[in-house]
Amino acid sequence: MRRTPIVLALLGALAVTGCSSSGAGGQQSAAPPASSAAPQASGAGFSVITHGAPGDSFWDVVKNGAEAAGKQYGVKVTYQGDGDPAKQSQLIDQAVSEKVDGIVVSMANPDALKEAIGKAVAAKIPVVTINSGAESSKEFGAITHVGQSEDVAGRGAGEQLKAAGVTKLLCVIHEAGNVGLDQRCKGAEQTLGGTVERLQVDVSNLADVTSKVTAKLQSDQQVNGVLSLNPAIAIAARDAIKDAGSQAKLATFDLSADVVTAINDGEILFAVDQQQYLQGYLPITFLRLYNTNLNTVGGGLAVNTGPGFVTKDNAAQVAKLAEAGTR
């Protein structure tokens, strides 16, 4: 599994701050105390607000990461998700009215959230954006963004699919208006060297996803590759390839236990892994450091949690972690 140097460095730093060590005179060093110049915590804790639907396996792992960090630092963490940008904005407004100590928000539709995030920043509540919308994070006033460069990840997927012999690729988009998903398809298009066609589906109706992908593969037998952008869609696409009697090669973004099993069984070539546990864990850590020591991370650039790649070579190891809810 490839990990970016900045994430490895951050995890190393977190491991140090999470443990005490003997200093001069045998005294114990600890995490920095709250500075008098740092924002004063209200005790309301941190609010994590994403565009993930309840029960989504990807976002469950993000939630696990955020809650683990909250437990480690002894702070309250509240997680809520809604795929409707208007409702997501309302959740942000509610967090502002509750005077939380920090907000973590994913921005699949940045323009729809701009006003709500602006209210949080105006109220001097630190905001960390995650997952999607990195290009708008600094503009909206967030202290940093934690996620994956979707363009870079898409290019990486395209390169691997090209090496596998794919010449015409079906890129399956499961959320209309999600800028990150379009970036993934565009990235793949840049490096594949062949044709990339997009297919819009609804992630809430997986049976229909299977039906639509099956129909496309049967009507256009030149399609010899499918790229899904979600683990549930990957399993639906796997079934579609079988139903269509197609030899198309399948790859996906993001992990689930089913996806890891399918990789191990040779049904999926690889999964692009953005290590979403870190997208929950790191923002809580960064907000905690900001509120106690006025630290900011990234220097105006995003903190990358991926891409890494899960293949048959490392799927068995990752499977154990996926079962534990951390991958």
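The sequence shown maps to residues -24 to -1, 1 to 303 in mature numbering (1 follows the signal peptide of the UniProt record, and there is no 0). In this text, a Cβ means the ideal position worked out from N, Cα and C, and glycines have one as well.
May I have the straight-line CA-CA distance separating residue i from residue j, to the nearest angstrom?
| i | j | result |
| --- | --- | --- |
| Ile260 | Glu91 | 23 Å |
| Ala183 | Val103 | 37 Å |
| Pro15 | Asn85 | 29 Å |
| Ala216 | Asp77 | 46 Å |
| Gly275 | Ser180 | 38 Å |
| Asp230 | Gly94 | 30 Å |
| Ile211 | Val279 | 30 Å |
| His248 | Pro283 | Going by the sequence as given, residue 248 is Val instead of His. C-alpha separation (whole angstroms): 6 Å. |
| Val286 | Phe246 | 6 Å |
| Gln166 | Leu157 | 15 Å |
| Thr190 | Asp178 | 15 Å |
| Gly28 | Gln56 | 8 Å |
| Ser108 | Asp241 | 31 Å |
| Thr105 | Ser222 | 40 Å |
| Gln293 | Lys100 | 43 Å |
| Asp219 | Thr26 | 34 Å |
| Glu151 | Gln48 | 34 Å |
| Ile119 | Val24 | 15 Å |
| Pro61 | Asp69 | 12 Å |
| Val53 | Ala140 | 43 Å |
At the 8 Å Cβ level, is residue i part of the contact set with chain B, yes or no?
| i | result |
| --- | --- |
| Gly132 | No chain B is part of this structure, which consists of one protein chain only. |
So, using beta-carbon positions, are residue i and residue j closer together than 8 Å?
| i | j | result |
| --- | --- | --- |
| Gln255 | Thr281 | yes |
| Asp127 | Gly170 | no |
| Phe22 | Val80 | yes |
| Ala129 | Gln250 | yes |
| Ala233 | Ala295 | yes |
| Ala42 | Tyr257 | yes |
| Leu67 | Ile149 | no |
| Ala133 | Ala227 | yes |
| Val185 | Leu193 | no |
| Leu203 | Leu265 | no |
| Asn40 | Gly201 | no |
| Ala88 | Ser65 | yes |
Does the Cβ of residue i have 16 or more other Cβ atoms within 10 Å, making it buried, or fewer, making it exposed?
| i | result |
| --- | --- |
| Ser73 | exposed |
| Lys225 | buried |
| Leu277 | exposed |
| Asp289 | exposed |
| residue 333 | No answer is possible for residue 333: the residues shown for the chain start at -24 and end at 303. |
| Gln176 | exposed |
| Ser195 | exposed |
| Gln159 | buried |
| Gln4 | Legend: pLDDT at Gln4 = 46, less than 50; position of this residue unreliable, value from coordinates given subsequently. Exposed, since its Cβ has fewer than 16 Cβ neighbours within 10 Å. |
| Gln197 | exposed |
| Ala110 | buried |
| Gly19 | exposed |
| Gly50 | exposed |
| Lys188 | buried |
| Gly123 | buried |
| Ala238 | buried |
| Gly46 | buried |
| Ala98 | exposed |
I'd like the span of the alpha helix (DSSP H) that includes residue i, first residue to last.
| i | result |
| --- | --- |
| Ala298 | Ala291 to Glu299 |
| Arg264 | Gln252 to Asn269 |
| Arg303 | Neither: Arg303 is in no alpha helix (DSSP H) and is coded neither H nor E. |
| Thr190 | Leu182 to Ser195 |
| Gln223 | Gln223 -> no alpha helix (DSSP H), and no H or E assigned at all. |
| Ile239 | Ala233 to Asn240 |
| Lys138 | Glu126 to Ala139 |
Could you give the first and the last residue of the continuous beta strand (DSSP E) run that contains residue i?
| i | result |
| --- | --- |
| Phe22 | Phe22 to Thr26 |
| Asp249 | Ala247 to Asp249 |
| Ile119 | Per DSSP, Ile119 belongs to no beta strand (DSSP E) and is neither H nor E. |
| Gly282 | Val279 to Gly282 |
| Gln176 | Thr171 to Gln176 |
| Ile79 | Gly78 to Ser82 |
| Lys162 | Careful: Lys162 lies outside any beta strand (DSSP E), inside the alpha helix (DSSP H) at Val155 to Leu168. |
| Gly201 | Gly201 to Ser204 |
| Ile149 | Lys144 to Ile149 |
For this session: Entirely within the region 88 to 115 and at least 3 residues each: give me those beta strand (DSSP E) ranges in chain order.
Result: Runs of the beta strand (DSSP E) inside the region 88 to 115: 103 to 107.
Exercise. Unbroken beta strand (DSSP E) runs of length 3 or more, entirely within the region 32 to 62: which are they?
Worked result: Counting only runs of 3 or more, we get 53 to 57.
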